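What follows is one structure encoded as structure tokens, with my remarks underneath.
There are 2 protein chains.
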Amino acid sequence: MSLLVVGSVALDCVQTPQGSVRDSLGGSATYFSVSARLFSRVGMVAVVGRDFPEEHVQFLRSRGVDLSGMERREGKTFRWHGRYGQDLNDAKTLKTELNVFDAFRPSLPAAYRESQYLFLANIDPDLQVSVLEQVNGPRLVACDTMNYWIVSKPEALKRVLKRVHLFLANEAEAKQLAQEHNLLKAARALVRMGPSIVIIKRGEYGALLFKDEAVFWAPAYPLEAILDPTGAGDSFAGGFMGYLSARGTLGERDLRRALIYGSIMASFCVEDFGLGRLGSVRRHEIRERYALFRSLTRF
Amino acid sequence: MSLLVVGSVALDCVQTPQGSVRDSLGGSATYFSVSARLFSRVGMVAVVGRDFPEEHVQFLRSRGVDLSGMERREGKTFRWHGRYGQDLNDAKTLKTELNVFDAFRPSLPAAYRESQYLFLANIDPDLQVSVLEQVNGPRLVACDTMNYWIVSKPEALKRVLKRVHLFLANEAEAKQLAQEHNLLKAARALVRMGPSIVIIKRGEYGALLFKDEAVFWAPAYPLEAILDPTGAGDSFAGGFMGYLSARGTLGERDLRRALIYGSIMASFCVEDFGLGRLGSVRRHEIRERYALFRSLTRF
Chain H
0 MSLLVVGSVA
10 LDCVQTPQGS
20 VRDSLGGSAT
30 YFSVSARLFS
40 RVGMVAVVGR
50 DFPEEHVQFL
60 RSRGVDLSGM
70 ERREGKTFRW
80 HGRYGQDLND
90 AKTLKTELNV
100 FDAFRPSLPA
110 AYRESQYLFL
120 ANIDPDLQVS
130 VLEQVNGPRL
140 VACDTMNYWI
150 VSKPEALKRV
160 LKRVHLFLAN
170 EAEAKQLAQE
180 HNLLKAARAL
190 VRMGPSIVII
200 KRGEYGALLF
210 KDEAVFWAPA
220 YPLEAILDPT
230 GAGDSFAGGF
240 MGYLSARGTL
250 GERDLRRALI
260 YGSIMASFCV
270 EDFGLGRLGS
280 VRRHEIRERY
290 ALFRSLTRF
Chain B
0 MSLLVVGSVA
10 LDCVQTPQGS
20 VRDSLGGSAT
30 YFSVSARLFS
40 RVGMVAVVGR
50 DFPEEHVQFL
60 RSRGVDLSGM
70 ERREGKTFRW
80 HGRYGQDLND
90 AKTLKTELNV
100 FDAFRPSLPA
110 AYRESQYLFL
120 ANIDPDLQVS
130 VLEQVNGPRL
140 VACDTMNYWI
150 VSKPEALKRV
160 LKRVHLFLAN
170 EAEAKQLAQE
180 HNLLKAARAL
190 VRMGPSIVII
200 KRGEYGALLF
210 KDEAVFWAPA
220 YPLEAILDPT
230 GAGDSFAGGF
240 MGYLSARGTL
250 GERDLRRALI
260 YGSIMASFCV
270 EDFGLGRLGS
280 VRRHEIRERY
290 ALFRSLTRF
């Protein structure tokens with residue numbers, strides 16, 4: 000497998016000012032994989048319960064996601080209930096039920112252990128490490144996290160950061176973890192924790208990539224309607240890592256373009272609830288939006 | 000005069016987490032002129048009181064700003080007291096003293112009446128109109144405003160908007176005036192109020208320009224330290240209008256580059272209190288930062 004992700008597969012209940020969904024297919028590994036698969040082969044390490052609908056399995060297979068690392072176990076699937084206000088940049092978590100994820104100790108299929116690109120999606124940092132340790136010399140390891148782990152398991156998270164090449168965080172989380180108000184200083188503080196590349200996601204304000212002294216700024220695509228921001232960050236990571244995995248090189252130009260592909264995939268994700276839009280994106284639509292991104296920033 | 004601004008010349012008291020200043024030279028016309036003068040000749044329509052220090056007059060003259068439209072009247076100079084929290088994007092106005100601005104009815108010097116480029120800086124919309132009416136067929140009229148006028152004089156403000164080509168507003172003000180949460184829809188609603196070009200300023204998140212169906216996104220320059228955001232929007236407008244005035248054409252490429260020059264001038268402004276940095280910017284520094292902006296968004 001060229002690209003591997005460990006993260007959650009979930010059933011989501013989401014409310015936004017534009018509507019709501021119940022028991023919708025979600026989770027960080029889901030959004031990441033569906034996004035990345037438009038660029039590269041991708042395998043998923045995750046766990047679901049007995050209640051996980053077969054139609055979701057079929058959907059992921061139909062998108063071309065390799066599920067040989069997705070276990071099905073006794074118990075219920077991970078569930079997340081969230082709500083967004085008019086400011087769609089921040090989700091309020093109403094309830095999280097870990098369920099089968101609580102005792103999940105993944106053991107990777109042999110084919111996954113040689114993955115070159117590894118994404119440790121937002122999940123317990125101890126679980127991120129246990130997957131990282133089963134992959135033999137990956138070329139690029141990236142990780143995400145969330146405020147919950149920054150507060151509840153800061154030491155475990157810092158151990159993960161020491162071992163990854165790239166860290167993605169949203170702006171508030173980056174500042175919280177770095178304990179620094181200024182974004183540039185926060186990014187530099189995060190680099191000192193281990194990763195040589197730091198990406199700060201800013202929702203509708205775009206994303207910034209920091210590497211050595213270079214800073215690269217990707218816009219967010221201005222949309223007439225944002226229905227549901229859930230999964231935007233993981234779709235972003237999927238476009239970013241999927242492009243790099245397909246490209247096979249890690250030069251500065253590759254990273255810059257990967258950041259644009261990440262922004263493109265996030266822009267599709269938020270156009271509908273759940274995977275409504277992301278799940279039906281076609282490659283020519285990605286090319287068209289790439290041209291629009293160019294026109295957005297050219298001067 | 001090729002470029003004319005009407006706006007405030009003020010004595011500011013400003014507190015930010017990084018420090019504070021008292022009775023510092025400020026005001027929308029001041030920041031605009033000092034910024035624009037690096038690109039183009041600029042004249043200022045404004046009023047100061049008997050207490051306005053001669054050193055400030057000398058400073059503005061030394062920067063090359065034409066002051067033949069700046070009146071000195073009985074009474075005290077306009078004063079603004081403001082405070083910024085750790086989120087430097089929003090100023091809290093502690094006190095505004097209109098003083099000599101209260102009864103100001105400008106009469107433009109003859110040389111000002113043929114100005115081709117006119118900026119109606121943030122000031123009473125009735126005053127904006129009275130200046131607009133004294134200029135003969137200007138080529139480009141732009142205006143700014145603030146939440147105070149949106150709330151207290153919405154009808155007068157809408158009369159101004161009907162008569163300008165370009166409107167600049169910060170994100171919160173644009174959404175407030177358009178009564179629309181989505182930025183793209185807000186920009187389109189503002190275009191329906193009159194101006195064919197709308198610029199939304201987003202502080203450290205950059206700026207967006209809307210014209211017909213085209214959208215252009217300018218980043219903000221990431222800075223290690225933002226000492227004082229006061230004047231950033233007017234410095235932005237000064238770079239934007241100054242560049243266009245010097246350029247003499249209004250094509251899409253001109254507007255895009257003007258937006259970058261606006262962002263550059265705002266980035267200098269916030270690096271120090273008051274005019275500490277903006278007042279000493281040299282042309283080669285603008286060229287250097289232009290190259291940095293290119294590197295920031297190239298992909």
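Protein chains in written order, with numbering that gives the first Met the number 0: chain H, 0 to 298; chain B, 0 to 298. Beta carbons: idealized from backbone N, C-alpha and C, even for Gly. All figures in this text were calculated on a predicted structure; none of them were measured in a lab.
Closer than 9 angstroms to chain B by CB, residue i
i: residue 210 of chain H; result: no
i: residue 167 of chain H; result: no
i: residue 217 of chain H; result: yes
i: residue 181 of chain H; result: yes
i: residue 184 of chain H; result: yes
i: residue 13 of chain H; result: no
i: residue 16 of chain H; result: yes
i: residue 293 of chain H; result: yes
i: residue 189 of chain H; result: no
Residues near residue i in its chain [Cβ-Cβ closer than 6 angstroms; skip 5 each side]
i: residue 299 of chain B; result: Given a span of 0 to 298 for chain B in the structure shown, any question on residue 299 of chain B remains unanswerable.
i: residue 216 of chain H; result: 207
i: residue 255 of chain H; result: 215
i: residue 269 of chain H; result: 225, 228, 231
i: residue 36 of chain H; result: 62, 63, 64
i: residue 158 of chain B; result: none
i: residue 29 of chain B; result: 8
i: residue 267 of chain B; result: 276, 277, 280
i: residue 271 of chain H; result: 226
i: residue 177 of chain B; result: 185, 188, 189
i: residue 14 of chain B; result: 82
i: residue 246 of chain H; result: 253
Minimum Cβ-Cβ distance from residue i to chain H less than 9 angstroms
i: residue 85 of chain B; result: yes
i: residue 203 of chain B; result: yes
i: residue 223 of chain B; result: yes
i: residue 213 of chain B; result: yes
i: residue 296 of chain B; result: yes
i: residue 158 of chain B; result: no
i: residue 207 of chain B; result: yes
Residues near residue i in its chain [Cβ-Cβ closer than 7 angstroms; skip 5 each side]
i: residue 72 of chain H; result: 46, 48, 99
i: residue 194 of chain H; result: 160, 163, 164, 165, 166
i: residue 282 of chain B; result: 37
i: residue 137 of chain H; result: 114, 115, 116, 117
i: residue 88 of chain H; result: 202, 203
i: residue 155 of chain B; result: 124, 125
i: residue 1 of chain B; result: 39, 40, 114, 115, 116, 244
CB contact flag (residue i, residue j, <9 angstroms)
i: residue 317 of chain H; j: residue 181 of chain B; result: Past the edges of chain H, shown from 0 to 298, lies residue 317 of chain H, and the structure says nothing about it.
i: residue 197 of chain B; j: residue 249 of chain B; result: no
i: residue 139 of chain B; j: residue 3 of chain B; result: no
i: residue 74 of chain H; j: residue 12 of chain H; result: no
i: residue 241 of chain H; j: residue 58 of chain H; result: no
i: residue 253 of chain B; j: residue 120 of chain B; result: no
i: residue 79 of chain H; j: residue 26 of chain H; result: yes
i: residue 84 of chain B; j: residue 91 of chain B; result: yes
i: residue 70 of chain H; j: residue 103 of chain H; result: yes
i: residue 122 of chain B; j: residue 5 of chain B; result: yes
i: residue 108 of chain B; j: residue 152 of chain B; result: no
Close Cβ partners of residue i (< 8 angstroms) along its chain, the five nearest in sequence each way excluded
i: residue 263 of chain B; result: 220, 238, 285, 288, 289, 292
i: residue 174 of chain B; result: 180, 182, 185
i: residue 146 of chain B; result: 171, 172, 175
i: residue 76 of chain B; result: 8, 9, 10, 47, 48, 50, 51, 98, 99
i: residue 33 of chain H; result: 59, 62, 64, 234, 237, 274, 277, 278
i: residue 112 of chain H; result: 133, 134, 135
> In chain order, which continuous runs of the alpha helix (DSSP H) of length 4 or greater are located wholly inside the stretch 109-191 of chain H?
Replying inline: Every alpha helix (DSSP H) stretch that sits fully inside the stretch 109-191 of chain H and reaches 4 residues is listed by chain position as 124-131, 146-151, 153-161, 170-177, 182-191.
>> Using a Cβ-Cβ cutoff of 8 angstroms, what residues of the stretch 251-266 of chain H are near chain B? List them in chain order.
In response: For the stretch 251-266 of chain H, which is checked against every Cβ of chain B, the residues closer than 8 angstroms are 252, 255, 256, 258, 259.
>> I'd like the ranges of any alpha helix (DSSP H) spanning at least 4 consecutive residues and lying wholly in the stretch 30-118 of chain H.
In response: Runs found: 53-61.
> Curious, which full-length beta strand (DSSP E) runs of at least 3 residues does the stretch 191-246 of chain H contain?
Replying inline: The qualifying runs are 196-200, 206-210, 213-217.
> At a Cβ cut of 9 angstroms, what residues of the stretch 90-115 of chain B count as close to chain H, listed as they run along the chain?
Replying inline: Going along the stretch 90-115 of chain B in chain order, one finds no residue with a Cβ nearer than 9 angstroms to chain H.
> Quick one, which residues of the stretch 57-87 of chain H are near chain B if we go by CB-CB under 8 angstroms, in chain order?
Replying inline: Going along the stretch 57-87 of chain H in chain order, one finds 85 with a Cβ nearer than 8 angstroms to chain B.
> Got a sec: which bits of the stretch 127-155 of chain B sit with their beta carbon under 8 angstroms from any beta carbon on chain H, in order along the chain?
Replying inline: Of all residues in the stretch 127-155 of chain B, none has a C-beta nearer than 8 angstroms to a C-beta of chain H.
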